[in-house]
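The structure appears below as structure tokens.
Numbering (the numbering used here), first residue to last: -16 to 81.
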């Protein structure tokens, strides 16, 4: 579980296949259909509301999503990469451009 904190900094060869699948399951929501991703994204904002000022949340959320989008691969496993990468990139671009 400690790997989830470093997921965006890992390359496919940095972890064993089982860890790659585990980490990709954690990120799979990024490749969900747009409406599902948008609901998830709103839920994240609601979770932080009242704990982090809105402007700071938006700034850091956008920064995080841009970092994920800039990675050559969002998903470490070929399984998730082949199935969800394009949709994840579409969702992230759409969210960052808001």
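Every residue gets a Cβ at the ideal spot worked out from N, C-alpha and C, and that includes glycine.
| request: Identify whether residue 59 lies in helix, strand or coil by the three-state DSSP scheme. | output: coil
| Contacting residues, own chain, Cβ-Cβ under 7 Å from residue 31 (five flanking each side not counted) | 40
| To the nearest angstrom, how far is it from the Cα of residue 79 to the Cα of residue 45? | 6 Å
| field | Closer than 8 Å to chain B by CB, residue 37 | value | Considering every chain present, this structure includes no chain B. It has just one protein chain.
| field | Every unbroken alpha helix (DSSP H) within the stretch 18 to 60, with a cutoff of 4 residues, ordered by chain | value | 37 to 53
| request: Apply the 10 Å Cβ neighbour rule to residue 89 and answer buried if 16 or more other Cβ atoms are within range, or exposed otherwise. | output: Within the shown structure, residues of the chain are numbered from -16 to 81, placing residue 89 beyond reach of any answer.
| request: Could you check the C-alpha separation between residue 73 and residue 6 for me, to the nearest Å? | output: 20 Å
| request: Kindly list the residues whose CB is nearer than 7 Å to the CB of residue 59, restricted to its own chain and excluding five residues on each side of it in sequence; keep chain order. | output: -7, -5, -2, 3, 6, 7
| task | Express the C-alpha separation of residue -9 and residue 34 in angstroms, rounding to a whole number. | result | 24 Å
| field | Pairwise C-alpha distance: residue 10 and residue 28 | value | 17 Å
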